[in-house]
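Counted the way the numbering used here counts, the sequence shown spans residues 85 to 377.
All C-beta atoms in this analysis are idealised placements derived from N, C-alpha and C, irrespective of residue type, glycine included.
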Amino acid sequence: MEFFIRVFLLCMLELAARISHVAANPVSFNQGFDKLFGDQNVVTLDPAGKSVRISLDKFSGSGFISREKYFYSKFSAAIKLAPGYTAGVVATFYTSNCQIYPNTHDELDIEFLRHVDGKCWIVQTNLYGNGSVTKGREERYRLWFDPSEDFHYYTILWSKKWTVFYVDNIPIREIPRIEAMGGEYPSKPMSLYGTIWDGSSWATDGGKSKVNYEDSPFKVTYSDFVLDGCSIDPTQRDSQNCDNSTSFVTNFGGLTKEERIKMGSFRAKYLTYSYCDDRKRYPNLLPECAHIP
Ligand SMILES: *[C@@H]1O[C@H](CO)[C@@H](O)[C@H](O)[C@H]1NC(C)=O
């Protein structure tokens, strides 16, 4: 149920967003993004608008959206989660095309979920394709650092054949596009988002721990944005016009052997949940699971 509520909410938010133009690479917040909601809680931190801070207070969450839509791209930002976070607060860095394709949307998520008892942060990644909102493909991880102490890099690499999530340039998850996934591999142009919102109903301990607004506002800062992909008319269904793009993702050929080893070490230590291990939820595992080590 919570998936539907969430997806619906995100769709509504996107409807409010504008579509406009041109983002250079790498980009400042001012160059590449617009406010999406909670305008008064979206604040640039330097005169050039390189970084942005978004916050959640008892009146509103907030968020931003890239001006352009991309057909395959590397999306990256340095993100710092302010200390004083509590249960129930969700901060995100994700891609979606919900406003153009409300019933068949694609989405790639990095979500920061605060763990109740203080020290331990949880990061969740997820993928939806062509409106597959009933099929969560979640993974959750601990991190080897406290993400509220300093900026760290979080990256979503979305290419025609692979999706890879990275933390500080270490690949933490690779999803190959295999035939059996069909339309469930994201394959329409997407925008990039950063949001912070109240996830009391589900984020921490399955919703048992709510946001405590005595500690608000909760803040998260984004900087060093990278939008390295082919920006395109969002209704374009075919990536052909992007196939000659010189962007890194067009030519991405998968992880190297060394990167796979790094990813393996990370996962052995920090992976706490994978839908591919969840036989209760998926008695027949989703097809790509057979290809994920
Ligand atoms: C996406 O979903 C729609 C509606 O369910 C379906 O008609 C279409 O064939 C699907 N597209 C792909 C690529 O699977």
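Starting from the Cα of residue i, find the closest Cα among the options and give me that residue.
i	options	result
Gly-337	Ser-232, Asp-118 and Ser-243	Ser-243
Tyr-269	Ile-256, Ile-254 and Asn-210	Asn-210
Val-295	Ile-280, Ser-307, Phe-309 and Asp-308	Ile-280
Ala-374	Lys-341, Tyr-277 and Ala-264	Ala-264
Glu-191	Glu-342, Ile-256, Leu-276 and Ile-262	Leu-276
Val-248	Val-304, Val-333 and Tyr-297	Val-333
Asn-253	Ile-259, Tyr-238, Arg-261 and Ile-262	Tyr-238
Tyr-185	Leu-227, Ser-271 and Pro-167	Ser-271
Ala-171	Lys-346, Tyr-297, Val-127 and Val-310	Tyr-297
Ser-135	Cys-204, Ser-157 and Ala-161	Ala-161
Ala-175	Tyr-156, Glu-195 and Asn-187	Glu-195
Met-347	Trp-205, Glu-258 and Tyr-156	Glu-258
Gly-267	Pro-273, Gly-213, Tyr-154 and Val-304	Gly-213
Ser-315	Asp-327, Lys-353 and Asp-308	Asp-327
Cys-360	Arg-351, Ser-349 and Glu-372	Glu-372
Ser-349	Ile-262, Ser-157 and Leu-227	Leu-227
Asp-234	Lys-353, Val-304 and Arg-351	Val-304
Phe-155	Gly-283, Leu-311 and Arg-351	Leu-311
Asn-335	Gln-115, Trp-246 and Val-126	Trp-246
Hey, could you find the ends of the beta strand (DSSP E) residue i is sitting in?
i	result
Ile-280	275-282
Pro-260	254-260
Gln-208	205-212
Val-126	126-128
Ser-144	Careful: Ser-144 lies outside any beta strand (DSSP E) and carries neither H nor E.
Phe-229	Unbroken run through Phe-229: none, as it is neither H nor E.
His-236	236-242
Lys-158	154-165
Please report the straight-line C-alpha distance between residue i and residue j, rounded to a whole angstrom.
i	j	result
His-189	Gly-313	19 Å
Tyr-250	Glu-152	22 Å
Ser-232	Tyr-366	34 Å
Ala-108	Phe-159	Here Ala-108 scores only 39 on pLDDT, less than 50, and its place in the model should not be relied on; the value that follows carries that caveat. Taking the straight line from one Cα to the other gives about 13 Å.
Lys-364	Ser-358	12 Å
Asp-299	Ser-331	42 Å
Gln-183	Pro-318	10 Å
Val-217	His-236	29 Å
Leu-165	Gly-215	30 Å
Ile-163	Tyr-306	5 Å
Ile-376	Leu-197	24 Å
Lys-219	Gln-124	35 Å
Asp-193	Phe-229	20 Å
Lys-341	Arg-221	24 Å
Glu-343	Leu-369	26 Å
Ser-139	Pro-167	12 Å
Phe-143	Val-173	14 Å
Ile-256	Trp-205	16 Å
Arg-224	Trp-286	14 Å
Val-111	Arg-137	16 Å
Asp-362	Phe-309	34 Å
Gln-208	Leu-355	10 Å
Ser-329	Ser-293	46 Å
Asn-274	Ser-157	Reading off the sequence shown, one finds Met at residue 274, where the question assumed Asn. Roughly 9 Å separates the two Cα atoms.
Gly-141	Leu-339	Residue identity differs from the one stated: residue 141 is Asp in this sequence, not Gly. Their Cα atoms are separated by approximately 40 Å.
Gly-283	Ile-345	34 Å
Ala-352	Val-127	38 Å
Arg-261	Phe-302	36 Å
I need the boundaries of the alpha helix (DSSP H) containing residue i, first residue and last residue.
i	result
Phe-196	Unbroken run through Phe-196 is the beta strand (DSSP E), 191-198; no alpha helix (DSSP H).
Phe-113	113-116
Discussion item. Could you check whether the region 322-333 touches the region 127-142, counting it as contact only if at least three pairs of C-beta atoms, one from each stretch, sit closer than 8 Å?
Written reply: Result no; under three Cβ-Cβ pairs closer than 8 Å.
Worksheet item: At which residue ranges does the region 304-367 contain complete beta strand (DSSP E) runs of 3 or more residues, listed in the order of the chain?
Response: The region 304-367 contains, as complete beta strand (DSSP E) runs of 3+ residues, the segments 355-358 (chain order).
Fill in: Three-pair Cβ contact test at 8 Å for the region 233-242 versus the region 173-189
In short, these stretches touch, since the Cβ pair count reaches three.
Worksheet item: Within the chosen definition, does the region 109-125 reach the region 141-158 through at least 3 CB pairs nearer than 8 Å?
Response: Contact annotation: the region 109-125 touches the region 141-158, with at least three C-beta pairs closer than 8 Å.
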